[in-house]
Each structure stands twice: as structure tokens, then as C-alpha cells.
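Quick note on my numbering: the sequence shown kicks off at 54 and runs consecutively. For reference, the structure is listed below as C-alpha cells.
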Amino acid sequence: MKAYAKRLGICLASFAAAFFLTGVSPSAMATELYRWEPPFSYESSPIPFPYRPSTPPAKLWHLCAVFPHVKDAYWLAVDYGMFAEARRLGVTLHIHEAWSYANLPRQRELLQKCAAMSDVDAIILGSVSFAGLTDIIKTTSRSKPVFATVNDIANDGLSGKVGVPWYDMGHLIGRYLVKQHQNDNTPIPIAWFPGPRAAGWVPFVERGFRDAIQNSPIRIVTTGWGDTDKAVQRNLVQVALENYPQIRYFVGNAMMAEAAVSILREKGLEK
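Next comes the structure, spelled out in C-alpha cells:
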């Protein structure tokens, strides 16, 4: 097993850490945001603007948020941050979860529930699907503004979006890997775990990463699609490792990286 581990030299790379790997400081991300003019026109260059925390509103706002789930560190952090900010601003916030990215029917029900609440002033949506909620959003937006957060989603009916540039996230981690192996003449086999197929952020991460590794030694030998649930990602990692023992990197979503740590430790494959 020791010889096997030495030969593999497996490393982990998560696109959730892409900004840190490429030298963008956390303070820069916290104080400078980007917007597009006109809104949602991603073909244009983003315009930077400084972030200034909101001041408590004169009206007691009532907000309803719908998340994919709160079963991993990522969405727990979103949940914590949103509640902390609501408390600071003195607004009422209710958060509902769909339990998983595979549960589009439940998220549609939750969105309709928020829309039907007469005291709700606005809805914040972390979607499980890029286009699977558009019909409800278009209907809801006639009486309440709907804002998308974190995951990208179709523009129809939305009053705004707040998220990260998912294409850039994928592209940055791809560039990092290419830079690590720019002098290699032999292919570098990797396993790629972009996340659940239908999620709004996945196609953009997928395209960004694949664009970045074009004409480089980095070779995707297997792709594991699945919900960002630790058990699901752990199973995908195990299958990839069994079928492709030559893998040098596991690359993909943050929960994959978390799940893979224990597997690599068990097999003595840490680097």
C-alpha cells in the first residue's frame, strides 16, 4: 500500500477555494463587488463597486428565503450570515429548505408558500434548478420581488441576483492546475466532480474549468455527477478511485473535497 500511495500522489482541489489558490485576498472579496450594466448582461465586462453594509430600514421588512438545503458547511454559512444580517437590520426572516438539489418539486412548493404569505415583502431564492422555477417566479414577481442568491438562475421575473461568477470559479481552479504542470509533457489524469447536473451553477463551473485546461496536460478521465451531499460525494470518490487508480487529482465541489479527505487518509494516499 505504501508503494501504491507514493505512486499516486493524489491531491485535492476544490473550486470553492479557487480565489485563494490564485492569490485573491479574502478582504478584497469582502469589500468589492461587481455588477453588470445592463443587469444580467454577462457578455459585458463587470463593473467593480465598493460594498457598504445596509443600514436598518425604517419599515419592519418580512423576508422569506428558500434554500436547496442546509446540510453542508457552505449552505450553513449562508444560513448563518443571512440570519445574522437580518438580526442586525431588525428584519423578520424565515428560511425554508428543499432538503437536496434533487428535490425540485419541494422547492417549487416552498416558493409558492412564500408567495402566498400576505405579510412577506420579498423572496430570496437559492435555486436547485436553473429553469425549473421560472414559471412560479414570473407569477410571484407580479406582487413580490424575487431575488436569486448564490446559484445562477434564468433571468425571467427576477428583481436581482447576488452570487459569485461561477465560470470564473471553474476557470481559476483550472488555471491553477495548468500552472502546476506547465512543464509536464505527460498527461495528468484527474477526476472531476462538478456537482448535480441540474443546479444553476454547475454548467458555468463546468465550462470555465474545461476552457481553462484546454491544450494542457490536464486530462479528465472520469466525471462524477451528484448532489452536494457528503455521502453522495464520498461514494463518487470511492468509485472513481477504484476504477481509475492512476488519478492524480480530485477536483470539484467543496463537499467532494471534504468527503475525499477521509478516504485518502484511510488508504494512505494523502499528499
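For every residue, glycine included, the Cβ atom is placed at its ideal position computed from N, Cα and C. As the structure is a prediction and not an experimental result, all values here were calculated from the model.
Spatially closest choice to residue i from the options, by CA coordinates
| i | options | result |
| --- | --- | --- |
| Ser180 | Val173, Ile189, Asp174 | Ile189 |
| Val304 | Leu289, Leu129, Arg318 | Leu289 |
| Arg318 | Asn296, Asn306, Gln291 | Gln291 |
| Asp174 | Tyr154, Arg195, Gly185 | Arg195 |
| Ala155 | Lys166, Pro91, Phe120 | Phe120 |
| Asn268 | Gly248, Val231, Trp219, Pro298 | Val231 |
| Ala207 | Asp221, Leu322, Ser94, Tyr302 | Ser94 |
| Ala111 | Ala312, Asn238, Tyr87, Val144 | Val144 |
| Ala330 | Gly248, Asp221, Phe136, Arg161 | A question about residue 330 goes unanswered here, because the residues of the chain that appear run from 54 up to 324. |
| Leu332 | Lys191, Pro256, Arg105, Arg263 | With the chain represented from 54 up to 324, any question about residue 332 goes unanswered, as that position is not in the structure. |
| Asp221 | Leu211, Val255, Lys191 | Val255 |
CB contact flag (residue i, residue j, <7 angstroms)
| i | j | result |
| --- | --- | --- |
| Phe183 | Gly253 | yes |
| Arg250 | Trp278 | yes |
| Gly227 | Ile266 | yes |
| Ile177 | Ala244 | no |
| Asp172 | Thr187 | no |
| Pro109 | Glu85 | no |
| Val274 | Gly223 | no |
| Trp380 | His122 | The displayed coordinates of the chain run from 54 to 324. Any statement about residue 380 would go beyond what the structure contains. |
| Phe246 | Asn296 | no |
| Leu157 | Gly185 | yes |
Close-in-space but distant-in-sequence residues of the same chain around residue i (CB under 6 angstroms, 5 per side omitted)
| i | result |
| --- | --- |
| Met308 | Asp125, Thr281, Lys283, Gln286 |
| His234 | Ile241, Pro270 |
| Thr193 | Ala168, Val199 |
| Ala56 | Only weak support is given to the placement of Ala56: the predicted model assigns it a pLDDT of 29, under 50, and the value that follows is read from those uncertain coordinates. Around Ala56: no qualifying Cβ. |
| His147 | Cys117 |
| Arg159 | Ala151 |
| Arg272 | Pro240, Pro242 |
DSSP beta-bridge partners of residue i
| i | result |
| --- | --- |
| Leu178 | Val119, Ala201 |
| Trp278 | Gly248 |
| Ala242 | It is worth fixing the name first, because residue 242 is Pro in this sequence and not Ala. Pro242 is bridged to Arg272. |
| Ile316 | Ile316 pairs with nothing; no bridge assigned. |
| Thr145 | His115 |
| Tyr87 | Pro101 |
8 angstroms contact criterion, which residue i and residue j should meet: CB distance rounded
| i | j | result |
| --- | --- | --- |
| Ala139 | Leu116 | 7 angstroms |
| Pro103 | Trp89 | No, Pro103 and Trp89 are not in contact; Cβ-Cβ is about 16 angstroms, not under 8 angstroms. |
| Val203 | Val131 | 6 angstroms |
| Leu142 | Ser97 | With a Cβ gap of about 31 angstroms, Leu142 and Ser97 do not count as contacting. |
| Trp219 | Asp205 | 6 angstroms |
Spatial neighbours of residue i in its chain, beta-carbon cut-off 8 angstroms, leaving aside the 5 residues before and after
| i | result |
| --- | --- |
| Ser80 | Because Ser80 sits at a pLDDT of 41, beneath the cut-off of 50, its placement in the model cannot be relied upon, and the point is left open. |
| Gly213 | Pro92, Pro198, Phe200, Ala201 |
| Thr239 | Pro270 |
| Ser78 | The pLDDT assigned to Ser78 is 37, lower than 50, so where the model puts this residue is not dependable; a value taken from the coordinates is nonetheless given after this. Same-chain partners within the cutoff: there are none. |
| Arg161 | Gly185, Leu186, Ile189 |
Same chain, Cβ closer than 7 angstroms to residue i, neighbours up to 5 away in sequence not counted
| i | result |
| --- | --- |
| Gly165 | Note that residue 165 corresponds to Gln in the displayed sequence, not to Gly. For Gln165, where only same-chain residues beyond five positions count, the Cβ hits under 7 angstroms are Ile189. |
| Leu163 | Val119, His149, Ala151 |
| Ala312 | Lys283, Gln286, Arg287, Val290 |
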